[in-house]
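Colleague: Sequence order for the protein chains is X, P, Z and U.
As numbered in my numbering, residues 1 to 383 make up the first sequence, in order.
As numbered in my numbering, residues 1001 to 1383 make up the second sequence, in order.
As numbered in my numbering, residues 2001 to 2383 make up the third sequence, in order.
As numbered in my numbering, residues 3001 to 3383 make up the fourth sequence, in order.
Even for Gly, the Cβ is constructed at its ideal location relative to N, Cα and C.
Protein chains: 4
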Amino acid sequence: MRGKLRYGMVGGASGSFIGDVHRKGAEFDRQAVLVAGCFSRSYERTLATGEELELDPERLYRDHNEMAEKEAAREDGIDYVIIASPNSAHYAAAKAFLEQGIHVVCDKPMTVTVEEAEELAELAAKKGLLFCVTYCYSQCPAVKQAQLMVKNGDIGDIKVVVAEYPMGWLVGPVEHEGTDEAPWRMNPKHAGISNCVGDIGTHVEHTVSYITGLEIEELCARLDNFGGDNRPLDTNAHVLVKYKNGAVGNYWCSQVAVGHDNPLTVRIYGTKGSLAWCQEDPNYLQVAKVDEPTQTMRRGNPYFYPEAAQMTRLAAGHSEGYYEMFANTYRKFNSALLKLKEGRELTPEDLDFPDVKAGLQGVKFIHRCVESSKQGSVWVKFD
Amino acid sequence: MRGKLRYGMVGGASGSFIGDVHRKGAEFDRQAVLVAGCFSRSYERTLATGEELELDPERLYRDHNEMAEKEAAREDGIDYVIIASPNSAHYAAAKAFLEQGIHVVCDKPMTVTVEEAEELAELAAKKGLLFCVTYCYSQCPAVKQAQLMVKNGDIGDIKVVVAEYPMGWLVGPVEHEGTDEAPWRMNPKHAGISNCVGDIGTHVEHTVSYITGLEIEELCARLDNFGGDNRPLDTNAHVLVKYKNGAVGNYWCSQVAVGHDNPLTVRIYGTKGSLAWCQEDPNYLQVAKVDEPTQTMRRGNPYFYPEAAQMTRLAAGHSEGYYEMFANTYRKFNSALLKLKEGRELTPEDLDFPDVKAGLQGVKFIHRCVESSKQGSVWVKFD
Amino acid sequence: MRGKLRYGMVGGASGSFIGDVHRKGAEFDRQAVLVAGCFSRSYERTLATGEELELDPERLYRDHNEMAEKEAAREDGIDYVIIASPNSAHYAAAKAFLEQGIHVVCDKPMTVTVEEAEELAELAAKKGLLFCVTYCYSQCPAVKQAQLMVKNGDIGDIKVVVAEYPMGWLVGPVEHEGTDEAPWRMNPKHAGISNCVGDIGTHVEHTVSYITGLEIEELCARLDNFGGDNRPLDTNAHVLVKYKNGAVGNYWCSQVAVGHDNPLTVRIYGTKGSLAWCQEDPNYLQVAKVDEPTQTMRRGNPYFYPEAAQMTRLAAGHSEGYYEMFANTYRKFNSALLKLKEGRELTPEDLDFPDVKAGLQGVKFIHRCVESSKQGSVWVKFD
Amino acid sequence: MRGKLRYGMVGGASGSFIGDVHRKGAEFDRQAVLVAGCFSRSYERTLATGEELELDPERLYRDHNEMAEKEAAREDGIDYVIIASPNSAHYAAAKAFLEQGIHVVCDKPMTVTVEEAEELAELAAKKGLLFCVTYCYSQCPAVKQAQLMVKNGDIGDIKVVVAEYPMGWLVGPVEHEGTDEAPWRMNPKHAGISNCVGDIGTHVEHTVSYITGLEIEELCARLDNFGGDNRPLDTNAHVLVKYKNGAVGNYWCSQVAVGHDNPLTVRIYGTKGSLAWCQEDPNYLQVAKVDEPTQTMRRGNPYFYPEAAQMTRLAAGHSEGYYEMFANTYRKFNSALLKLKEGRELTPEDLDFPDVKAGLQGVKFIHRCVESSKQGSVWVKFD
């Protein structure tokens, strides 16, 4: 444990898909080790998970408040907590740990209301704590390459953004078929005011924002509750976006688009060139320049910018995938925290992970989309 | 010429790209032969084109009125006219020939105002004349297959349509560089009230309509004049669409999307499956059904529906392309006209080419998009 | 007919797929017109085809000898003949027309024996007649671009060639199911000593040769008669090739590769880069250079070399396909012949169509493959 | 450590790419923990690596013999050793651990001579020890799906196999440029008698063998030492294969194929269908059946056979890549060893990882290829 970070978890009990992904991500580079947890609202499930993960039973807690207090009081207490519970439980847990001076990694969307998100952003700033929201897709080397190309002016001024995240798994009435995921995502109590935009539309918003740096001026959204019967929440959304720089965007997310698994795709068109990236083919970046052949940039080759190249782990042609996106997110977060603990000053580059502001922006995006759609798909200001 | 149709042309002088495409299309299956023309507003250019095409100089005309009258008066007069002049000239020419009882094939968009389009539709109906608008993309065998699959219920009820036609050729100030195409397309006098929606957005609208049969209830459009400097007409448009059946659509067309040539792409999502087709890869149809592997249907193979299979000419794997789409359009039109001339009754299947109603709908679409955008991208009723 | 060439046909009766393709190709650019024919061994079929094609009944012949003599004797006799009969009938017909001083276009493979091929090559040379063998695939603009890139040294010295032409249509016993094509291709009397290598392997050989200019030193082939039952001829072949420059090649052709239609694919690897082209996606050329992103060159864009760009007809993104490959072959042949008739001297560029030497090389390739395989797949010298 | 396996490593010092991959793979599912090592021939490097990995200094060894003896003598000694040193060092290390009764995981190729490989196979059998060779590519879920489809007869009887593994990294004289990998791979002392076939050709052989179960009767290979100058070992190889069932195969591997990273691709053609898989797109399996649309099977969807589905970790559309292939290999090995330690009997399914026989077959393949090529690329018997 020499020099390693200690972390705890809220949510992510044994059997939870995303819980395991977080743990693998946090520990991928041997920078952190799990020592405490409140993995479930069921204490028994927490105990069982703790045993499976070989944790000290003393550090298995009944609720996040107890965990935050007791861990804060220990000399070997956790450096940070990972919050991987359903959406509606994020806020209270994050707040509890922040108040105890414990850094936070939180799944997305960060909260279910804009007010909660703003409060967490303020609290984290006031306490001087790191707060990461696991928008993992932006932490892919090819996405970083895209961001650097935009920054470097390689594609000129951005005029048009077209992005989509279509899935097909909710086309049938799966909430009645006992899958693990559908029931809570379709339940406003747990998911908040949106299902589709909240679950995947927010990934579109973040990935575009991370690559382009564009800020949304206003948007017009159309949400539909297709699929199943009498669904209370959206499963398909189209969002037109006007950015502050005059560019225009078109986002689509869906859970009723039969034939699609997880192909989050972002295309950016500038005055000198264009970029395209797809999450299902994450090792490649398509690049086009005016009057030149289209290019496919393959991760691991020497033409990636150094800052993007550093994010790769494997030789070109050996696929990196979803786990590596989480591992990249955590490597940045862990590295920043280790540096902070050593008393060194953090640079903006050290903080190049999706943070509490990105989390707040995501929650705002969800709310603006729902507002627009409810008012008849009119244009609403983002801020 | 035994049993062949005779046709004339307005526009499409020698050197015009689209003029040659029309002629090759009309004659591909040896059903028709060119015998008359008014190929240009310049009579000299008409004469030169006529000579090159080995036409009787008597049948080369100074204007479409003269041509319509004289051809109508001849015993061996043309059976139909092809109108391939710039957009703003379509209406007067079409009207002249219809009034003389001559069938018409007209390039798209059919007219520059809705009123003109309505007048032509009424006139053609009143006169009992065939009127084809060359929305060639819908006449691709794989598009027909898509239409038949929708009709047959293979993908269930349609809920979402996502379609796009991005091009990149107008990103720079090409209207000042002397290309043939840009100047008139950017000139409202010749192009009408829209450049991008009028040129390619209307193809999106027609292809979707042909495949799905969906009718637009209302739409919300955002048009931008990106590229060049101070352009008077649009070069990029996003259009959200609500269909009468409750489905939702998202259309994008652009001429500033660097890296794209002509990839008109239509994706249709239903409750049982989805379809995707791209004009640059026109021999294939992507099909997905719930919980099944994604399929690629390859034109020429035995699983195409007979009506779509009949439209193919070449063995599977030998690419058919753009010329064949025109040839297919003309084969349907020529065949219907030949049947009509033989005094036989036409069935709905005989009339399965884009007709004057499709032309009217296209013009309406252009106008509704411009109206919506001018009013601040609000929702406007289609009818 | 001012300035147009007159041509006749042997084979290619109405209903023959390839006959129609030849006619469309020959006439695509209005350079030639069909005036005579001996379309079938059945005179009645010839008469019916002639009527359908509106030919003068006087110029419909019972056999190719009669046709060659009578056409040679006419003042308005044919300038050239297209031979589109089964393989084994090519030689006698070609010889008859050459002896009468008539230029020849012949389908591939040119003959069924090497001796016949050599005789035709000598005869054509002696008579000073043009002789084109319709290896259409090399006449695709992207293939020309590949050839020019090799010539220009863009990929350095070629070291490895990997090419394939897999099809799947003969995997079952289709020769007993009454398809038009299978019976004669499986009959040594009509097809010669090879089915698969003769039909499609020879396309692989020619396309590689056209692009690279490499000459085969020796080869080692393994032929198998898979599919159906007790087939007399090959349906699958692997051929290892050593070129005179020290490079190595690997060719595969098959008619039992289920799932493939006509994806002739050629990949060329040099010391500085590589090229890849596929017949089913013929408008694109894949290019890779050392340590650079992979490129996709799209036909119709400005980066094609002028000589390749000239071969395109349509704007980028509007697919050109199989007909255009034939049309390109015929445009070169027709243009050369027109120039010759005008008494002008032909340059090597005028003769840039697959000629009688390419035809001879193809026949040799077929024979060397069969020889090697029969001897236990040993290495045999090419010349 | 309750119930976890203890393992040690030979080779794979800190900074070694493949060493880290092995450790991540072995520990991915929390089944095993690293406790000992001889990571380098340099003891100092071993000590530094041990410190970094937080190992007990007592369990860091100067050579594999010392390590094998001392670990065998400890009550808490390692259950298995991972051998990740250069090829030529595998044999002695593996033998040392086997003789001490310690199970082995060894990188490929297993040894540099056939005799060594046979000896290890005999020794492992005699001692009743598990021996895994990390041919990781066969441990991809889509490859397992392919294997199960073949076993189930879904594509009928296999007739043709076409497989390739092209890379481009050795096209230039990189052995003089100080990359880590090139020098030893190009040095016969460390790499054995082959570079290209030994490094990647053996992956082709194993993956084909795993999927198809076909046994090689004889082969004919052509090896070339392209690239760099005066290379002592091969960088490009073509291998024709005759299988015992009468099918034919064509393998190509290369390190001078510019533009390729690691696209190991295997295509299997049977009488009823075909399969294709590519390592760079590992989550997908292409399937074609006679007269049906081509299918793309996407890992994570319900149509995978259960045994293949069990191997997936992530939801469909979230890419699994290279690390997961190693993790899958180790999960099978670790699970089998845990079961063995519990005294339970292993079934053939428990042993479904590449074993010492696969390792022996790989070494034989390398030697047969070199023999064939040296004799003028003649056919040589495999056994």
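With a threshold of 16 other CB atoms inside 10 Å of the CB of residue 1344(P), please say whether the residue is buried or exposed.
Modeller: Counted from its first residue, the second sequence places residue 1344(P) at position 344. It is exposed - the Cβ of residue 1344(P) has fewer than 16 other Cβ atoms within 10 Å.
Colleague: Would you verify that the beta carbon of residue 2314(Z) is, or is not, closer than 8 Å to some beta carbon of chain P?
Modeller: Indexing the third sequence from 1 puts residue 2314(Z) at position 314. Output row for residue 2314(Z): interface = yes.
Colleague: What in chain P is Cβ-close to residue 3324(U), meaning under 7 Å?
Modeller: Taking the fourth sequence and counting its residues from 1, one reaches residue 3324(U) at position 324. Residues of chain P passing the Cβ test: none, with the nearest at roughly 21 Å.
Colleague: At the level of alpha carbons, what is the spacing between residue 1383(P) and residue 1162(P)?
Modeller: What you label residue 1383(P) is simply residue 383 of the second sequence in a count that begins at 1. What you label residue 1162(P) is simply residue 162 of the second sequence in a count that begins at 1. Taking the straight line from one Cα to the other gives about 22 Å.
Colleague: Output the distance between the C-alpha atoms of residue 2139(Z) and residue 2353(Z), rounded to the nearest integer angstrom.
Modeller: Within the third sequence, numbered from 1, the residue matching residue 2139(Z) stands at position 139. Within the third sequence, numbered from 1, the residue matching residue 2353(Z) stands at position 353. Taking the straight line joining both Cα atoms gives about 7 Å.
Colleague: Between residue 3380(U) and chain Z, is any beta-carbon pair separated by less than 8 Å?
Modeller: Taking the fourth sequence and counting its residues from 1, the one referred to as residue 3380(U) is at position 380. Answer no: the Cβ-Cβ gap between residue 3380(U) and chain Z never drops below 8 Å.
Colleague: Is the beta carbon of residue 87(X) closer than 8 Å to that of residue 198(X)?
Modeller: Counting from 1 along the first sequence, the entry for residue 198(X) is found at position 198. Counting from 1 along the first sequence, the entry for residue 87(X) is found at position 87. Yes, the pair counts as a contact, with Cβ atoms nearer than the cut-off.
Colleague: If you draw a straight line from the C-alpha of residue 89(X) to the C-alpha of residue 111(X), how long is it?
Modeller: Along the first sequence, one-based indexing puts residue 89(X) at 89. Along the first sequence, one-based indexing puts residue 111(X) at 111. For residue 89(X) and residue 111(X), the distance between alpha carbons rounds to 8 Å.
Colleague: Taking the alpha carbon of residue 36(X) as the point to measure from, which residue in 319(X), 7(X), 187(X), 221(X) has its own alpha carbon closest?
Modeller: By one-based count along the first sequence, residue 36(X) stands at place 36. Closest option to residue 36(X), Cα to Cα, is 7(X).
Colleague: Please report the distance separating the alpha-carbon of residue 3278(U) from that of residue 2155(Z).
Modeller: Residue 3278(U) sits at position 278 when you count from the first residue of the fourth sequence. Residue 2155(Z) sits at position 155 when you count from the first residue of the third sequence. Residue 3278(U) and residue 2155(Z): Cα-Cα distance of roughly 25 Å.
Colleague: What do you reckon, are the CB atoms on residue 2186(Z) and residue 2082(Z) nearer than 8 Å?
Modeller: The residue given as residue 2186(Z) occupies position 186 in the third sequence. The residue given as residue 2082(Z) occupies position 82 in the third sequence. No, they are not a contact pair.
Colleague: What first and last residue would you give for the beta strand (DSSP E) that runs through residue 3005(U)?
Modeller: Locating residue 3005(U) in the fourth sequence gives position 5, where the first residue counts as 1. Residues 3005-3011.
Colleague: Mind checking residue 3265(U): buried by the 16 CB within 10 Å criterion, or exposed?
Modeller: Within the fourth sequence, numbered from 1, the residue matching residue 3265(U) stands at position 265. Burial call: buried.
Colleague: What does DSSP give as the partner residue(s) for residue 3297(U) in the beta ladder?
Modeller: Here residue 3297(U) corresponds to residue number 297 of the fourth sequence, with the count starting at 1. According to DSSP, residue 3297(U) bridges with 3285(U).
Colleague: Check whether the Cβ of residue 1318(P) lies closer than 8 Å to any Cβ atom in chain Z.
Modeller: Along the second sequence, one-based indexing puts residue 1318(P) at 318. Taking Cβ atoms only, chain Z reaches closer than 8 Å to residue 1318(P), which makes this a yes.
Colleague: Tell me whether residue 1169(P) sits in a helix, a strand or coil according to DSSP, three-state version.
Modeller: One-based indexing of the second sequence puts residue 1169(P) at position 169. Residue 1169(P): coil per DSSP, three-state reduction.
Colleague: Within 8 Å of any Cβ in chain Z, is that where the Cβ of residue 3224(U) sits?
Modeller: Here the question's residue 3224(U) lines up with position 224 in the fourth sequence. Output row for residue 3224(U): interface = yes.
Colleague: Please go through the stretch 1214-1259 of chain P and give each complete alpha helix (DSSP H) segment of 4 or more residues, from N-terminal end onward.
Modeller: Counting only runs of 4 or more, we get nothing.
Colleague: For residue 3026(U) and residue 3005(U), I'd like the C-alpha separation in whole angstroms.
Modeller: Start at 1 with the first residue of the fourth sequence, and residue 3026(U) comes out as number 26. Start at 1 with the first residue of the fourth sequence, and residue 3005(U) comes out as number 5. About 10 Å.
Colleague: Taking the alpha-carbon positions, what's the residue 2318(Z) to residue 1281(P) distance?
Modeller: Translated into positions along the third sequence, residue 2318(Z) becomes position 318. Translated into positions along the second sequence, residue 1281(P) becomes position 281. Cα to Cα, the separation comes out at about 9 Å.
Colleague: Is the beta carbon of residue 168(X) sitting closer than 8 Å to the one on residue 228(X)?
Modeller: Translated into the one-based positions of the first sequence, residue 168(X) becomes position 168. Translated into the one-based positions of the first sequence, residue 228(X) becomes position 228. In this structure, residue 228(X) does not lie closer than 8 Å to residue 168(X) by Cβ.
Colleague: Give the residues of chain X in contact with residue 2261(Z), contact being defined as C-beta atoms less than 8 Å apart.
Modeller: Within the third sequence, residue 2261(Z) is the residue found at index 261, counting from 1. Chain X residues near residue 2261(Z): none, gap ~23 Å exceeds 8 Å.
Colleague: Going along the chain, which residues of its own chain have a beta-carbon closer than 6 Å to the beta-carbon of residue 223(X), five neighbours each way excluded?
Modeller: The residue labelled residue 223(X) in the question sits at position 223 within the first sequence. Excluding sequence neighbours, residue 223(X) sits near 234, 237, 373.
Colleague: Using a C-beta cutoff of 8 Å, does residue 1298(P) count as contacting chain Z?
Modeller: To locate residue 1298(P), count along the second sequence from 1; it is residue 298. Judged by the 8 Å Cβ criterion, residue 1298(P) is in contact with chain Z.
Colleague: Does the distance from the CB of residue 68(X) to the CB of residue 31(X) come in under 8 Å?
Modeller: Mapped onto the first sequence, residue 68(X) falls at position 68. Mapped onto the first sequence, residue 31(X) falls at position 31. For residue 68(X) and residue 31(X), no; Cβs fall outside 8 Å.
Colleague: Can you check whether the C-beta of residue 201(X) is within less than 8 Å of a C-beta belonging to chain U?
Modeller: For the purposes of this step, residue 201(X) is identified with residue 201 of the first sequence, where counting begins at 1. Cβ-Cβ to chain U under 8 Å: no for residue 201(X).
Colleague: Any beta-carbon of chain X closer than 8 Å to the one on residue 1236(P)?
Modeller: Looking up residue 1236(P) in the second sequence gives position 236. Yes, contact with chain X.
Colleague: Between the alpha carbons of residue 3157(U) and residue 3285(U), how many angstroms are there, rounded?
Modeller: Here residue 3157(U) refers to the residue found at position 157 when the fourth sequence is read from its first residue. Here residue 3285(U) refers to the residue found at position 285 when the fourth sequence is read from its first residue. Those two C-alpha atoms are separated by around 19 Å.
Colleague: Quick check: the stretch 3209-3226 of chain U against the stretch 3243-3250 of chain U, are at least 3 beta-carbon pairs closer than 8 Å?
Modeller: A contact exists between the stretch 3243-3250 of chain U and the stretch 3209-3226 of chain U.
Colleague: Which residues, taken in chain order from the stretch 3336-3365 of chain U, show a beta carbon closer than 8 Å to some beta carbon of chain P?
Modeller: Answer set for the stretch 3336-3365 of chain U: empty.
Colleague: Under the three-state reduction of DSSP, which class applies to residue 1108(P): helix, strand or coil?
Modeller: Mapped onto the second sequence, residue 1108(P) falls at position 108. Three-state result, residue 1108(P): coil.
Colleague: Return yes when the Cβ of residue 2247(Z) is within less than 8 Å of the Cβ of residue 2133(Z), no when it is not.
Modeller: Numbered from its first residue, the third sequence carries residue 2133(Z) at position 133. Numbered from its first residue, the third sequence carries residue 2247(Z) at position 247. Cβ distance not < 8 Å, so residue 2133(Z) and residue 2247(Z) don't count as in contact.
Colleague: Are the C-beta atoms of residue 3307(U) and some chain P residue less than 8 Å apart?
Modeller: Numbered from 1 along the fourth sequence, position 307 holds the residue referred to as residue 3307(U). Output row for residue 3307(U): interface = no.
Colleague: Identify the contact partners of residue 386(X) in chain U, using a Cβ-Cβ distance below 8 Å as the criterion.
Modeller: The displayed coordinates of chain X run from 1 to 383. Any statement about residue 386(X) would go beyond what the structure contains.
Colleague: Going by Cα to Cα distance, which pick from 255(X), 363(X), 73(X) is closest to residue 175(X)?
Modeller: Residue mapping note: residue 175(X) aligns to position 175 of the first sequence, counting from 1. For the residues 255(X), 363(X), 73(X), the minimum Cα distance to residue 175(X) belongs to 255(X).
Colleague: So, residue 297(X) versus residue 2293(Z), is the Cβ gap smaller than 8 Å?
Modeller: Counting from one through the first sequence, the residue named residue 297(X) turns up at place 297. Counting from one through the third sequence, the residue named residue 2293(Z) turns up at place 293. Contact: yes.
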